[in-house]
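Before any comments, here is the structure.
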Amino acid sequence: MPEFYWSEAFFQALSYSEASETLARYWHNLPRNDGHICPHRRDFRLNEIATHLDETYMSKRIGPKELIILASGSRLVRILGADITGKNIFELVPPENVVPQQDYYQTLHSQPCAGALTRWGASLKERPFVYRTMQLPLLGDSDTVEFFVGTGVIKTTFRVGDQLSISDKVHVEQHEQVFIDIGAGVPPSK
Numbered sequence: 642m643p644e645f646y647w648s649e650a651f652f653q654a655l656s657y658s659e660a661s662e663t664l665a666r667y668w669h670n671l672p673r674n675d676g677h678i679c680p681h682r683r684d685f686r687l688n689e690i691a692t693h694l695d696e697t698y699m700s701k702r703i704g705p706k707e708l709i710i711l712a713s714g715s716r717l718v719r720i721l722g723a724d725i726t727g728k729n730i731f732e733l734v735p736p737e738n739v740v741p742q743q744d745y746y747q748t749l750h751s752q753p754c755a756g757a758l759t760r761w762g763a764s765l766k767e768r769p770f771v772y773r774t775m776q777l778p779l780l781g782d783s784d785t786v787e788f789f790v791g792t793g794v795i796k797t798t799f800r801v802g803d804q805l806s807i808s809d810k811v812h813v814e815q816h817e818q819v820f821i822d823i824g825a826g827v828p829p830s831k
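Numbering (the working numbering), first residue to last: 642 to 831.
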């Protein structure tokens, strides 16, 4: 098994909720076969994090412009205002965020690393929100990163349902993206 560069600091970077910490620790402890940096999708079991499935999602990268949501937890559905299972995430984000999101996932694909995205915005009722997601890579049958598993949480003092909906009338900006070394390094800062 290759040496990993995880430490408590890395877990803290990904631990913005109990669900994200549980998922990060479970993912970290999955087997790495044949010297790979990432675990395979076939070794990942959603039932192992059953108490946090409501905040968990899984996506599959079809190509640079297509990232399909395979599963989305019930809490995420409430946050987003709709079930996005089966949809291409790049068709759901505001147009100005499409290229940065595609670049972000391309980076996670080509240089396997963990990531966290923070978005902020204002809802239709002009209430501010901060939405944070974590992405952990999983290998597919081709031994390349094809899947991402992660969690999402909204940070606000208002009701979740008022905050985020799939509508171009909701103002959302990608505020921060963080890459976290899992043994293959991270991309250089821009």
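Cβ coordinates follow ideal geometry from the N, Cα and C atoms, glycine included.
(request) Give me the Cα-Cα distance between I823 and L779, rounded to the nearest whole angstrom. (result) Going from the Cα of I823 to the Cα of L779 covers about 12 Å.
(request) Determine which residues share a DSSP beta bridge with Q776 and list them. (result) Per the DSSP secondary-structure output, Q776 pairs in a beta bridge with G756.
(request) Verify whether the separation of the beta carbon atoms of L708 and R716 is less than 7 Å. (result) No, these two residues do not count as a Cβ contact at 7 Å.
(request) Would you identify the three-state DSSP class for S764, choosing helix, strand or coil? (result) Here S764 scores only 47 on pLDDT, less than 50, and its place in the model is too uncertain to base an answer on.
(request) Would you check whether the ligand SAH has a heavy atom nearer than 6 Å to the C-beta of I678? (result) What this structure holds is no ligand at all, so the ligand SAH is not there to describe.
(request) Leaving aside the five residues before and after T838 along the sequence, list all residues of the same chain whose C-beta is less than 6 Å from its C-beta, in chain order. (result) With the chain represented from 642 up to 831, any question about residue 838 goes unanswered, as that position is not in the structure.
(message) Applying the 10 Å Cβ sphere with the 16-neighbour rule, what's the burial state of S830?
(response) When all chains shown are included, S830 counts as exposed.
(message) On the DSSP letters alone, give me the boundaries of the beta strand (DSSP E) that A712 sits inside.
(response) Secondary structure note for A712: its beta strand (DSSP E) is the uninterrupted segment 707-713.
(message) For G802 and W761, I'd like the C-alpha separation in whole angstroms.
(response) The predicted model places G802 with a pLDDT of 46, which falls under 50 and marks its position as unreliable; any figure quoted below should be read in that light. Between G802 and W761, the C-alpha separation is close to 15 Å.
(message) Mapping the DSSP letters down to three states, classify Q804 as helix, strand or coil.
(response) Its pLDDT being 44, under 50, Q804 is placed unreliably in this model, and the coordinates cannot settle the point.
(message) Can you list, in chain order, the residues of its chain with a C-beta nearer than 6 Å to that of E620? Leave out the 5 residues immediately preceding and following it.
(response) Residue 620 falls outside the range modelled here, since the chain spans only 642 to 831, and no answer is possible.
(message) Cutting at 6 Å between CB atoms, please list the residues of its own chain near A755, excluding the five before and the five after it.
(response) Excluding sequence positions up to five before and after A755, its CB lies within less than 6 Å of the CB of L777, I821, I823, all in the same chain and listed in chain order.
(request) Alpha carbon to alpha carbon, how far is R686 from P672? Give it in angstroms, no decimals. (result) The alpha-carbon atoms of P672 and R686 are separated by roughly 12 Å.
(message) So, for V718: in the same chain, excluding its five sequence neighbours on each side, which residues have a beta-carbon less than 6 Å away from its beta-carbon?
(response) Counting only Cβ-Cβ distances below 6 Å, and skipping sequence neighbours, we find D724.
(request) Can you tell me which of the three DSSP states F685 falls into? (result) Coil at F685, not helix or strand.
(message) My output table needs one value for N674: the three-state DSSP class, helix, strand or coil.
(response) Here DSSP, grouped into helix, strand and coil, assigns N674 to coil.
(request) Label P753 either buried or exposed according to how many other C-beta atoms from any shown protein chain fall within 10 Å of its C-beta, with 16 as the threshold for buried. (result) Burial call: buried.
(message) I need the straight-line Cα distance from Y657 to V819, nearest angstrom please.
(response) Y657 and V819 have their C-alpha atoms some 13 Å from each other.
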